[in-house]
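Chains A and B, in that order, are what the protein sequence lines are. What the first sequence shows, in the working numbering, is residues 115 to 230, in sequence order. What the second sequence shows, in the working numbering, is residues 306 to 419, in sequence order. Quick notes on the structure that follows.
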Amino acid sequence: NAGVTQTPKFQVLKTGQSMTLQCAQDMNHEYMSWYRQDPGMGLRLIHYSVGAGITDQGEVPNGYNVSRSTTEDFPLRLLSAAPSQTSVYFCASAKGAYRDPGNTIYFGEGSWLTVV
Amino acid sequence: AQSVTQLDSHVSVSEGTPVLLRCNYSSSYSPSLFWYVQHPNKGLQLLLKYTSAATLVKGINGFEAEFKKSETSFHLTKPSAHMSDAAEYFCVVSPFSGNTPLVFGKGTRLSVIA
Numbered sequence: 115n116a117g118v119t120q121t122p123k124f125q126v127l128k129t130g131q132s133m134t135l136q137c138a139q140d141m142n143h144e145y146m147s148w149y150r151q152d153p154g155m156g157l158r159l160i161h162y163s164v165g166a167g168i169t170d171q172g173e174v175p176n177g178y179n180v181s182r183s184t185t186e187d188f189p190l191r192l193l194s195a196a197p198s199q200t201s202v203y204f205c206a207s208a209k210g211a212y213r214d215p216g217n218t219i220y221f222g223e224g225s226w227l228t229v230v
Numbered sequence: 306a307q308s309v310t311q312l313d314s315h316v317s318v319s320e321g322t323p324v325l326l327r328c329n330y331s332s333s334y335s336p337s338l339f340w341y342v343q344h345p346n347k348g349l350q351l352l353l354k355y356t357s358a359a360t361l362v363k364g365i366n367g368f369e370a371e372f373k374k375s376e377t378s379f380h381l382t383k384p385s386a387h388m389s390d391a392a393e394y395f396c397v398v399s400p401f402s403g404n405t406p407l408v409f410g411k412g413t414r415l416s417v418i419a
């Protein structure tokens with residue numbers, strides 16, 4: 115997981131609070147994405163970005179906001195936390211398109227979020 | 306749209322016996338396919354990836370997977386299970402076109418019995 119840093123690693127929120135999960139990489143990767151992991155559901159895509167100033171929605175974007183003002187950072191914002199957002203969140207980055215044979219995809223170590 | 310289906314949510318094997326984790330994919334084109342492993346409360350680790358160079362792909366820790374286009378399958382195997390193989394395994398596809406990131410299967414939990 116070298117190169118992709120997620121903070122915080124653990125967080126407990128109260129319903130209705132807002133917070134930002136940080137994701138940073140120092141590899142000059144254009145492609146970054148956020149996933150959430152829930153038991154029996156695998157990882158589901160929340161939002162992704164293919165470069166600074168460009169973001170798009172994934173499979174489960176509701177309740178989350180992202181921005182990409184720099185190449186290095188891709189923060190994920192929970193606008194008004196709900197218990198359904200209790201999950202493990204993973205950030206990923208890659209130099210180019212994820213399917214490129216020579217590309218390596220890097221994942222952060224995860225952020226465990228509990229909303230009570 | 307591309308997708309993967311992991312046919313078993315849980316597989317249990319005895320230590321020293323073969324491991325088979327099944328994955329079928331759906332794609333209009335030749336996809337890039339991956340297997341990732343996640344040990345309890347840990348992050349994701351790439352086991353292997355298929356990118357059309359060879360249909361039999363060898364990965365780390367003795368795992369391998371075979372891409373079978375006729376069966377749209379990408380099953381993961383290992384000849385002899387070790388206790389340390391107990392983990393969650395994800396079959397993953399990367400769409401052929403566009404910039405959409407990886408699509409994950411729902412995972413297979415592998416238990417290894419001593």
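Using N, Cα and C, we set each Cβ at its ideal position, and we do this for glycine too. None of the values given here were measured: they were computed from a predicted structure.
* **For A:S198, three-class secondary structure by DSSP** => In the structure shown, A:S198 sits in a helix (DSSP, three-state: H, G or I).
* Asked: Is it true that the CB of B:Q311 sits closer than 8 Å to the CB of B:E393?
  -> It is not a contact, given that the beta carbons lie outside the stated cut-off.
* To do: Indicate whether A:L190 and A:V174 have their beta-carbon atoms separated by less than 8 Å.
  => Not closer than 8 Å, so no.
* Starting from B:I418, follow its DSSP beta bridges and name the residues at the other end. => Its beta-bridge partners are B:S319.
* Kindly say whether B:S314, judged by its beta-carbon, lies nearer than 8 Å to any beta-carbon of chain A. => Contact of B:S314 with chain A is assigned, a C-beta pair being separated by under 8 Å.
* Span separating the alpha-carbon of A:L227 from that of A:A206 -> C-alpha separation (whole angstroms): 17 Å.
* To do: Kindly list the residues whose CB is nearer than 6 Å to the CB of A:P197, restricted to its own chain and excluding five residues on each side of it in sequence; keep chain order.
  => Around A:P197: V229.
* **is_contact[B:E320, chain A] using C-beta, thresh 8 Å** => Closer than 8 Å: no.
* B:S375 - DSSP class collapsed to helix/strand/coil -> Coil, per DSSP.
* Could you check how far apart the C-beta atoms of A:Q125 and A:G224 are, in whole angstroms? I think they sit under 8 Å. => A:Q125 to A:G224, Cβ: 12 Å. No contact.
* Identify whether A:G172 lies in helix, strand or coil by the three-state DSSP scheme. => A:G172 falls in the coil class under three-state DSSP.
* **Candidates A:N142, A:V164 and A:G154, of which the one nearest A:W148 by Cα** => The residue among A:N142, A:V164 and A:G154 with its C-alpha nearest the C-alpha of A:W148 is A:V164.
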